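A.B. asks: Right, I'll just put the structure down here and ask away after.
Take a look at the structure:
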């Protein structure tokens, strides 16, 4: 019996951390994370990606790619890029296609892919890269919508492939940016290490952080300040060549990432791939500041046997007040090429108070 219990405990530790090669030490704040797949909900077959933000109307707005969105399929209503509105609480939510997709409220006007969206002052901002696959590395342009996604306007500047930074995401801070630590908006870019041979992790993996005053987010590329310090001594520069990564993993980082603030735990949560893409190789990391220092929450191979997943995201709206219970959004290819949600729980130190 003792041997059985010891073996079981070892299996649980390995399945949680897969920790032999995790890039950062284990978190002492979030000790474990579990997912209840009896709550798994899958919608929008054929539509993947699903970056999400929480706006001032209490609805969430999300991006998707290459499908018909809510009510659609891989062919019915298929668009390269769409925007959806998600109303209600998990798991009883309902999705509507705002821009593009099946029975959409508005017709899509351009294509591309987006892994970064934010609501600030009721206005939506979304990073868009053109096309699919490696075409997405060609540029990252910021778009703005003043009517909750019904129409979009492109900024007069962009980041090009020659800049070497790709596929940005935006740090989400609660409802309509209400939980923000300061007046800045924080954006994370992947350091492009390869641009041929198909979508893959970038090795060695590096992620850059750039900030901009929220009132100047759309104005000019020159307003953006890149992180140039250390996790203990942050500093910022407008000199692009002096930027420094805030996150590193020698096993690589994915070609898409998500970062959100967990107000209950007062932690920033970053999710990305490692080692090999579209294999469910999920890394979850936490930090007390947007720039670190990072600790490992979970480092998985074939997370929850979903070996075709590549993007994971926490919903700020569906995060419970204490920060411990959450709804996790994920997507992938094959059977996971869709909108997916599952309920989960963080085990923390100190533990949650029993009421």
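Numbering (my numbering), first residue to last: 59 to 413.
For each residue, glycine too, the CB sits at the ideal point set by N, CA and C.
Bear in mind the structure is a predicted one, so any value in this text is a computation, not a measurement.
Measuring straight from C-alpha to C-alpha, what distance separates residue 408 and residue 237?
C.D. replies: Within the chain shown, residue 408 is the residue found at index 350, counting from 1. Within the chain shown, residue 237 is the residue found at index 179, counting from 1. Straight-line Cα distance between these residues: approximately 23 Å.
A.B. asks: Between the segment 359 to 375 and the segment 391 to 409, are three or more C-beta pairs nearer than 8 Å?
C.D. replies: Below 8 Å, enough C-beta pairs join the segment 359 to 375 and the segment 391 to 409 to call them touching: three or more.
A.B. asks: Per DSSP, residue 187 forms a beta bridge with which residues?
C.D. replies: Numbered from 1 along the chain shown, position 129 holds the residue referred to as residue 187. DSSP, once it has assigned bridges, lists 171 as partnering residue 187.
A.B. asks: As a quick exercise: from 270, 353, 334, 352, pick the residue whose alpha carbon is nearest that of residue 359.
C.D. replies: For this step, residue 359 is matched to residue 301 along the chain shown. Of the listed residues, the one whose Cα sits closest to residue 359 is 334.
A.B. asks: What's the gap between the Cα of residue 104 and the Cα of residue 138?
C.D. replies: Indexing the chain shown from 1 puts residue 104 at position 46. Indexing the chain shown from 1 puts residue 138 at position 80. Answer to the nearest angstrom: the Cα atoms are 11 Å apart.
A.B. asks: Taking only the alpha-carbon atoms, compute the straight-line gap between residue 406 and residue 325 and give it to the nearest angstrom.
C.D. replies: Indexing the chain shown from 1 puts residue 406 at position 348. Indexing the chain shown from 1 puts residue 325 at position 267. About 12 Å.
A.B. asks: What is the DSSP secondary structure of residue 195, counted as helix, strand or coil?
C.D. replies: To locate residue 195, count along the chain shown from 1; it is residue 137. If DSSP states are grouped into helix, strand and coil, residue 195 belongs with the helices.
A.B. asks: Give me the Cα-Cα distance between residue 193 and residue 214, rounded to the nearest whole angstrom.
C.D. replies: The count along the chain shown starts at 1 and reaches residue 193 at position 135. The count along the chain shown starts at 1 and reaches residue 214 at position 156. Straight-line Cα distance between these residues: approximately 20 Å.
A.B. asks: Can you find the residues in the same chain that come closer than 6 Å, C-beta to C-beta, to residue 463, ignoring five residues on each side of it along the sequence?
C.D. replies: Nothing about residue 463 can be reported from this structure: the residues present for the chain run from 59 to 413 only.
A.B. asks: Which same chain residues end up closer than 6 Å to residue 233 when comparing Cβ atoms and leaving out the 5 residues on each side of it in sequence?
C.D. replies: Residue 233 sits at position 175 when you count from the first residue of the chain shown. Once the five neighbours on either side are set aside, the close Cβ partners of residue 233 are 112.
A.B. asks: Counting C-beta neighbours from all protein chains within 10 Å, is the total for residue 375 16 or more, i.e. buried, or is it exposed?
C.D. replies: Translated into positions along the chain shown, residue 375 becomes position 317. Residue 375 comes out buried.
A.B. asks: So, helix, strand or coil for residue 388, using DSSP?
C.D. replies: Indexing the chain shown from 1 puts residue 388 at position 330. In the three-state scheme derived from DSSP, where H, G and I count as helix and E and B as strand, residue 388 is classed as strand.
A.B. asks: If I measure Cβ to Cβ from residue 19 and keep anything under 7 Å in the same chain, skipping five residues before and after, which residues do I get?
C.D. replies: Only positions 59 to 413 of the chain appear in the structure, and residue 19 is not among them; the question remains open.
A.B. asks: What do you reckon, are the CB atoms on residue 170 and residue 189 nearer than 8 Å?
C.D. replies: Within the chain shown, numbered from 1, the residue matching residue 170 stands at position 112. Within the chain shown, numbered from 1, the residue matching residue 189 stands at position 131. Yes. Within cutoff.
A.B. asks: At which residue ranges does the segment 300 to 331 contain complete beta strand (DSSP E) runs of 3 or more residues, listed in the order of the chain?
C.D. replies: As far as the segment 300 to 331 is concerned, its whole beta strand (DSSP E) runs of at least 3 residues are 303 to 307, 316 to 320, 325 to 331.
A.B. asks: Kindly say whether residue 221, judged by its beta-carbon, lies nearer than 8 Å to any beta-carbon of chain C.
C.D. replies: In the structure shown, chain C cannot be found, because there is only a single protein chain.
A.B. asks: Taking only the alpha-carbon atoms, compute the straight-line gap between residue 77 and residue 354 and give it to the nearest angstrom.
C.D. replies: Sequence index remark: in the chain shown, residue 77 carries index 19 (1-based). Sequence index remark: in the chain shown, residue 354 carries index 296 (1-based). With a pLDDT of 45 at residue 77, under the threshold of 50, the modelled position of that residue is not reliable, and no figure is offered here.
A.B. asks: CB residue 306 to CB residue 347, shorter than 8 Å?
C.D. replies: Sequence index remark: in the chain shown, residue 306 carries index 248 (1-based). Sequence index remark: in the chain shown, residue 347 carries index 289 (1-based). Not closer than 8 Å, so no.
A.B. asks: Measuring only the C-alpha atoms, how far is residue 86 from residue 230?
C.D. replies: Position 28 of the chain shown, counting from 1, holds the residue named residue 86. Position 172 of the chain shown, counting from 1, holds the residue named residue 230. Their Cα atoms are separated by approximately 23 Å.
A.B. asks: For residue 286, which residues of its own chain have a beta-carbon under 7 Å away from its beta-carbon, when the five flanking residues on both sides are left out?
C.D. replies: If you number the chain shown from 1, residue 286 lands on position 228. Closer than 7 Å at Cβ, skipping near neighbours: 293, 294, 295, 300, 301, 302.
A.B. asks: Sort 136, 116, 362 by Cα distance to residue 94 and report the nearest one.
C.D. replies: Taking the first residue of the chain shown as position 1, residue 94 is located at position 36. The shortest Cα separation from residue 94 among 136, 116, 362 belongs to 362.
A.B. asks: Mapping DSSP to helix, strand and coil, what is residue 177?
C.D. replies: Translated into the one-based positions of the chain shown, residue 177 becomes position 119. Correct three-state label for residue 177: strand.
A.B. asks: For residue 375, name the three-state secondary structure that DSSP assigns.
C.D. replies: In the chain shown, the residue the question calls residue 375 occupies position 317. The three-state reading of DSSP puts residue 375 in coil, since its state is none of H, G, I, E or B.
A.B. asks: For residue 122 versus residue 387, is the C-beta spacing smaller than 8 Å?
C.D. replies: Counted from its first residue, the chain shown places residue 122 at position 64. Counted from its first residue, the chain shown places residue 387 at position 329. Contact: no.
A.B. asks: Can you name the residues that DSSP bridges to residue 155?
C.D. replies: On the chain shown, position 97 is the one that residue 155 refers to. BP columns for residue 155 point to 142.
A.B. asks: On a Cα-Cα basis, can you pick out the residue from 153, 115, 218 that is closest to residue 180?
C.D. replies: Walking along the chain shown from the start, residue 180 turns up at place 122. In terms of CA proximity to residue 180, 115 leads the group 153, 115, 218.
A.B. asks: Do you know whose CA, among 88, 146, 153, lies nearest residue 101's CA?
C.D. replies: Locating residue 101 in the chain shown gives position 43, where the first residue counts as 1. It is 153.
A.B. asks: Give me the DSSP bridge partner(s) of residue 212.
C.D. replies: Position 154 of the chain shown holds residue 212. Residue 212 is bridged to 201.
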